[in-house]
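Q: According to the UniProt record's numbering, the sequence shown is numbered sequentially starting from 1. This structure is in structure tokens; I'll ask about it shortly.
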Amino acid sequence: MQLLVNQLEPLTEQQLVGIGNLQQSSQQAEDALSQGMEALQQSLAETLSTGSLGSSGSSGNVANYMGQMAMAMGKLGTLEGFIRQADNLRQQTLQQMHRILTTRQSARALLAIHDYFSRLRALSSLWLARPRE
Numbered sequence: 001m002q003l004l005v006n007q008l009e010p011l012t013e014q015q016l017v018g019i020g021n022l023q024q025s026s027q028q029a030e031d032a033l034s035q036g037m038e039a040l041q042q043s044l045a046e047t048l049s050t051g052s053l054g055s056s057g058s059s060g061n062v063a064n065y066m067g068q069m070a071m072a073m074g075k076l077g078t079l080e081g082f083i084r085q086a087d088n089l090r091q092q093t094l095q096q097m098h099r100i101l102t103t104r105q106s107a108r109a110l111l112a113i114h115d116y117f118s119r120l121r122a123l124s125s126l127w128l129a130r131p132r133e
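Structural data, given as structure tokens:
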């Protein structure tokens with residue numbers, strides 16, 4: 001959001017306060033989502049790493065393996081929920097920014113966001129195309 005604030009000046013005092021409050025609440029929500037996702041990813045990794053199929057291939061090991069895969073699939077479903085929550089947070093943040101800004105400022109903000117992501121994609125392409133040693 002700081003990138004946007006610099007692009008949208010001059011802002012009124014009320015807009016600055018609104019953006020500051022939005023930035024703080026969005027950061028808190030992002031932090032909560034990040035912590036939840038980290039815990040879920042750790043749990044998923046532990047589920048997948050514990051007790052792999054033994055070399056004997058006994059029916060007990062197969063049942064254990066299937067149980068672990070069912071748990072892992074459930075955790076992936078939870079991960080999908082976190083991703084949806086993050087998407088909702090982004091959408092709500094954009095909607096709140098639209099309420100805070102004027103129409104012209106909102107348009108400039110969307111252009112700045114587009115420019116930022118275009119540059120990020122270009123940088124990513126350059127990184128992927130770099131010579132490997």
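Ideal placement from N, C-alpha and C gives every residue a C-beta, glycine not left out. Computed from a predicted model, the values in this text were never measured in an experiment.
Consult DSSP for LEU53 and reduce its assignment to one of helix, strand or coil.
A: With a pLDDT of only 44 at LEU53, under the threshold of 50, the placement of this residue in the model should not be trusted, and no figure is reported.
Q: Nearest-angstrom Cα distance between LEU111 and PRO10?
A: 17 angstroms
Q: Tell me whether ILE83 is buried or exposed, calling it buried when 16 or more other Cβ atoms sit within 10 Å of its Cβ.
A: Exposed.
Q: I'd like to know whether the C-beta atoms of LEU4 and ALA109 end up nearer to each other than 7 angstroms.
A: yes
Q: Jot down the residue ranges of each uninterrupted alpha helix (DSSP H) in the UniProt domain "DOG1" (1 to 130), minimum 4 residues, whole runs only, in chain order.
A: Listed in chain order, the complete alpha helix (DSSP H) runs (minimum 4 residues) inside the UniProt domain "DOG1" (1 to 130) are 2 to 8, 13 to 49, 59 to 100, 103 to 129.
Q: Quick check: the Cα distance between GLU13 and ARG90, rounded to an integer number of angstroms?
A: 24 angstroms
Q: Exposed or buried, which one is LEU8 when buried takes at least 16 other CB atoms within 10 Å?
A: buried
Q: Using a Cβ-Cβ cutoff of less than 6 angstroms, which residues in the same chain neighbour GLN23 once the five nearest sequence positions on both sides are dropped?
A: Counting only Cβ-Cβ distances below 6 angstroms, and skipping sequence neighbours, we find MET1.
Q: Could you compute how far the alpha carbon of THR102 sits from the alpha carbon of GLN96?
A: 12 angstroms
Q: Using 7 angstroms as the limit for Cβ to Cβ distance, is SER124 near chain C?
A: Included in the structure is just one protein chain, with no chain C present.
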